[in-house]
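K.L.:
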Amino acid sequence: MTDTDSSTPETYDEFAASRSDPRFTDWLRERAGDSWRDATRHRLTRELAADELTDDVFRQYLVQDYAFVETLVGVFGHAVGTAPTMESKSELVSFLGVLTDDEDDYFLRAFDALDVPESVYSDPETTPATRAFIDLLERAAGQGGYAETLAVLVPAEWVYLSWATAAAATDPATDTGADEPPSRFYLSEWVDLHAVDDFAAFVEWLRTELDREGAAASPRRQRRLEQLFRRTVELEVAFFDEAYELAPSGDLTAPTTSSASSKSGGRSSRPGDGRW
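If you read the sequence shown in this note's numbering, its first letter stands for residue 71, the second for the next number, and so on.
1) Hey, could you find the ends of the alpha helix (DSSP H) residue 189 is sitting in?
2) Would DSSP call residue 248 helix, strand or coil?
3) Whole angstroms is fine: what's the gap from residue 273's alpha carbon to residue 318's?
4) Does DSSP classify residue 234 as helix, strand or coil?
5) Let's test the definition: count the other Cβ atoms within 10 Å of the Cβ of residue 281 and tell me whether it reaches 16, buried, or not, exposed.
6) Please list, in chain order, all residues of the same chain as residue 115 whose beta carbon is under 6 Å from its beta carbon, the five residues on each side excluded.
7) Does the beta-carbon distance from residue 310 to residue 112 come in below 8 Å?
8) Let's test the definition: count the other Cβ atoms within 10 Å of the Cβ of residue 212 and tell me whether it reaches 16, buried, or not, exposed.
9) Give the DSSP-derived three-state secondary structure of residue 278 in the structure shown.
10) Does the segment 128-147 come into contact with the segment 192-210, if we say contact requires no fewer than three beta-carbon pairs (one atom in each stretch) closer than 8 Å?
11) Could you check which residue in 314, 122, 77 and 168 has the C-alpha nearest to that of residue 258?
12) Given residue 228, which residues of its chain have a CB within under 6 Å of its CB, disregarding the five upstream and five downstream residues?
13) Taking the alpha carbon of residue 135 as the point to measure from, which residue in 195, 166, 165 and 164 has its own alpha carbon closest?
14) Tell whether a beta-carbon distance below 8 Å holds between residue 197 and residue 145.
15) Residue 178: buried (16+ other C-beta within 10 angstroms of its C-beta) or exposed?
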């Protein structure tokens, strides 16, 4: 498991005592250590934003992501059932609509443009990182409660908001993007899907839910939530790495992650190793 930042307190109570406005999710992000940086500044996301990502790598990534989304939808559905209020249930149901409508439409159009046969994306051979990711989500939802489910959903969505927001950032002086958006629609739209105000608002809402649940949890449960959050971030890194490792034209000579995140990639190569 990746080392955490040694300057981050080991317990949330210690973290909260050192902050004027503490958030449980800020503590979780800091405890994720180098993996957070490796996930949100990964080579894949940087090359995607720069329109330098090869179709082979993106094709490999997108097929696996589509396989993962089916489980993600199920976990969000589980969260609806365990959410404490009708307002919370309504927010989660609304996002489920986005996953099963707008995002699904994007996948189908992208697969068509990338010449991915339906037989491949409808029944893919999942990779080790994908299987480990699916296992982690299913066990968090099946063996935990609302807080445990949020502990995997928050980083899964927050990582995407972070890298996509950076990719779509504008130059304050000109109010234009620092670079032109990717020319291939399946790259530019993938950024756009995760860099819109509605998605940012939903991620902030998810964080607020976990802030409340985590702050009220026992120290032992807080540690479990931290392990789930950190493992999710580690698997995001491994998931991105595999797109290069397994794509036909993947360039294995260029580094994909830092040495710290490569530790998590080694663990995630074993299916079902979503420990918490």
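Here a beta-carbon is modelled for each residue, glycine too, at the ideal position from N, C-alpha and C.
P.N.:
This is what the structure gives:
1) 188-192
2) The predicted position of residue 248 is uncertain, since its pLDDT is 47 and thus under 50; a value taken from the coordinates is nonetheless stated next. It is coil, neither helix nor strand.
3) If you take the alpha carbons of residue 273 and residue 318, they lie about 34 Å apart.
4) helix
5) buried
6) 233
7) yes
8) exposed
9) helix
10) Under the three-pair Cβ rule at 8 Å, the segment 128-147 counts as touching the segment 192-210.
11) Taking the Cα of residue 258 as reference, the smallest distance to any Cα among 314, 122, 77 and 168 is reached at 122.
12) 273
13) 195
14) Cβ atoms of residue 197 and residue 145: not closer than 8 Å.
15) exposed
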